[in-house]
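For the sequence shown, my numbering assigns the number 8 to the initial residue and increments by one for each residue that follows.
Glycine is no exception: its CB is placed at the ideal position from the N, C-alpha and C atoms.
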Amino acid sequence: MAISKVWISLLLALAVVLSAPAVRAEEAAAAEEAATPVEEAVLTLGADNFEDAIAKHPFILVEFYAPWCGHCKSLAPEYEKAAQLLSKHDPPIVLAKVDANDEKNKPLATKYGVQGFPTLKIFRNEGKNIQEYKGPREAEGIVDYLKKQVGPASKEIKAPEDAATIEDGKIHIVGVFTEFSGTEFTNFMEVADKLRSEYEFGHTLHANHLPRGDAAVERPLVRLFKPFDELVVDSKDFDVSALESFIEASSTPKVVTFDKNPDNHPYLLKFFQGDSAKAMLFLNFSTGPFESFKSAYYGAAEEFKGKEVKFLIGDIEASQGAFQYFGLKEDQTPLILIQDSESKKFLKEQIEADQIVSWLKDYFDGKLTPFKKSEPIPEANNEPVKVVVADNVNDVVFKSGKNVLIEFYAPWCGHCKKLAPILDEAAATLQSEEDVVIAKLDATANDVPPEFDVQGYPTLYFVTPSGKMVSYDGGRTADEIVEYIRKNKETAGQAAAAVTEEAAATEPLKDEL
């Protein structure tokens, strides 16, 4: 099970809480006035004109949306304001949108890896370079972010004053060269163009223009400046993949801090990305033992730095979203939780500072037993929508011999709350059809089986008796759900035939004598 299936909901929750931009009242008023639309500035794209638009515009931001998506509806007026403002930029910066819920446009969404709404992607150079949009979601922020994205990927540092912003608390990557040509420079610029949405890049012929610069350094090299751990790290490997790996490894703190300090938030979001195992220590930062825990944990991170694991230390007060997501309780703290690349979890409650290293060593030595998070199996399950938990999901969904529509939800999710009465109505309508089940699983209180790709809430899957499993992407009314199930369900005969056909297809071929 890929890590993104588990972590994406937490990332989205953190992005909303931690990255909400502040806009001055006068700026907002100016944006409102400037964005009074004569006609819609956002281009509407679809399967019939998408490729032509990408080829026509060397830089274009595309939003993949669904009409029923609440986040898309919230973004729409800000996106239009930004498009109006950027249409006056020299050269104009183009914003577009694709209704990815439209049947004819779904192949586009699949082609570009759209797994949730809204998804925004930057297309450059006729689509040869595609990047995730990682900027703000309000008009002024979108404008500022995109203006930076259309300039040079790396800026030349000709004098010390050009490097004045390098120690501004952000990550800066600077290539130091003997000349602005050759394989090393070309590869550096390629990486800069690819990663420009995440980092600030510069290039220079003179290392002594840089903070703590030394004119005697052996060129070429790449120097990464960061506001944590060792403040400067160098690399002389200009292979593209090696350079990307160097930047990735060097741009995250040895131990990421989960607190209310906004300076830590970019690293926090990055921590939850990727397939590496993740170790998380949660405790109260304001109590006396904190310093001893911090010292022990940082020591453990240093001791195990060669392992494929990221480390995070989180304050209980700031980590409520994570606690809610994992189903943890404050009375379990101090606790350490590891989730590996296969989504197996390992938990130690009420851990002592002097137990951290030995417990981690047991994990790396394979001596710990993973646990499965599950609510109790309901004793009574008489409502139209059946409650499923981790301990019985296989029995209900895969072994019941029925057609099952299952919803993965979070109790705090507004869209889930809105969908709940609709599923109740659909289930009540289908209650007399014994071969159909509509079920729900609280994905914050139960582990999600690896067969399901849960990228956000609510996520719905339709599973037939033969084991055919598809992500439900139909309408969100009771009538549309009922119509979808009746159209796609298997009868007992169809299920048996599908199983027989699959068995025949997988049976080894026998040589004839």
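Rounded straight-line distance, which links the Cα of residue j to that of residue i
i	j	result
VAL101	LYS155	14 angstroms
SER293	ASP338	16 angstroms
ALA89	GLU147	7 angstroms
LYS128	PHE318	29 angstroms
SER11	VAL316	Any reading at SER11 must be qualified, since the residue scores a pLDDT of 39, below 50, and its modelled position is unreliable; no value is offered.
PRO457	TYR332	17 angstroms
SER257	GLU163	22 angstroms
SER381	VAL395	10 angstroms
THR376	LEU288	18 angstroms
THR117	ALA107	9 angstroms
ASP221	SER242	15 angstroms
THR451	ALA54	37 angstroms
SER302	ASP282	27 angstroms
LEU354	LEU335	10 angstroms
VAL240	LYS496	58 angstroms
ALA41	HIS96	Its pLDDT being 45, under 50, ALA41 is placed unreliably by the model, and the measurement read from it follows with that caveat. Approximately 13 angstroms between the Cα atoms of the pair.
PHE297	GLY321	11 angstroms
ASN194	LEU250	9 angstroms
PHE71	ILE358	45 angstroms
GLU197	LEU367	39 angstroms
ASP372	ILE323	29 angstroms
ILE67	ASP486	38 angstroms
GLY525	GLY328	Because the chain is modelled from 8 through 520, residue 525 falls outside the range shown and cannot be assessed.
VAL30	ASP454	With a pLDDT of 36 at VAL30, under the threshold of 50, the modelled position of this residue cannot be trusted; read the value that follows with caution. For VAL30 and ASP454, the distance between alpha carbons rounds to 39 angstroms.
ALA325	PRO273	15 angstroms
Three-way DSSP call (helix, strand, coil) for residue i in this model
i	result
ALA29	Below a pLDDT of 50, predicted positions are generally treated as unreliable, and ALA29, at 38, falls in that range; no measurement from the model is reported.
GLN138	strand
GLN91	helix
ALA171	coil
SER204	coil
ALA48	coil
TYR72	strand
HIS96	coil
GLU34	At GLU34 the pLDDT is 38, less than 50, meaning the model places this residue with poor confidence and gives no usable figure here.
TYR305	helix
LYS317	strand
ARG493	helix
ASP372	coil
ALA214	helix
GLU382	coil
ILE345	strand
PHE289	strand
LYS336	coil
LEU437	coil
Beta-bridge partners of residue i, as assigned by DSSP
i	result
VAL443	ASN410
HIS422	In the DSSP output, where bridge partners are listed per residue, HIS422 has none listed.
ILE363	Paired residue(s): none; ILE363 is not in a bridge.
PRO126	For clarity, residue 126 is Thr in the given sequence; the question names Pro instead. According to DSSP, THR126 bridges with PHE71.
VAL229	GLY182, SER242
THR471	For THR471, which the question treats as bridged, DSSP gives no partner whatsoever.
SER350	Its beta-bridge partners do not exist; DSSP assigns none.
GLY6	With the chain covering only 8 through 520, there is no way to say anything about residue 6.
THR466	PHE415
THR264	ILE320
Cβ of residue i within 8 angstroms of any chain B Cβ
i	result
ILE67	This model lacks chain B altogether, as it is built from one protein chain only.
Residue i versus the options, residue with shortest Cα-Cα distance
i	options	result
PRO385	ASP449, VAL69, THR211	ASP449
VAL489	SER242, SER439, GLU458, PHE192	SER439
GLY474	LYS201, ASN401, GLY313	ASN401
CYS76	GLU87, ILE61, PRO125, HIS64	PRO125
LEU202	PHE235, PRO377, ARG131	ARG131
ALA308	ILE492, ILE164, ASP236	ASP236
SER188	GLY176, ALA170, LEU212	LEU212
ASN215	PHE192, ASP244, SER248, ALA171	ALA171
SER94	GLU70, TYR86, ALA48	ALA48
PHE311	ALA286, LEU68, VAL121	ALA286
LYS277	PRO269, THR259, ASN268	THR259
PHE405	TRP419, THR471, ASN389, LYS379	THR471
GLY120	ALA499, GLU205, GLN138	GLN138
PRO391	GLU145, ALA435, ILE323, VAL224	ALA435
ALA284	ALA166, SER350, LYS267, LEU467	SER350
Supposed contact pair residue j and residue i - C-beta distance, whole angstroms, cut 8 angstroms
i	j	result
PRO465	PHE415	7 angstroms
ARG226	PHE184	6 angstroms
LEU52	ALA103	5 angstroms
PRO218	ILE149	Actually they do not touch by this definition, with Cβ atoms about 31 angstroms apart.
ALA446	LYS393	4 angstroms
ILE178	PHE232	7 angstroms
ASP442	ASN410	6 angstroms
PHE208	ALA199	4 angstroms
TYR304	VAL262	7 angstroms
PHE469	LEU412	5 angstroms
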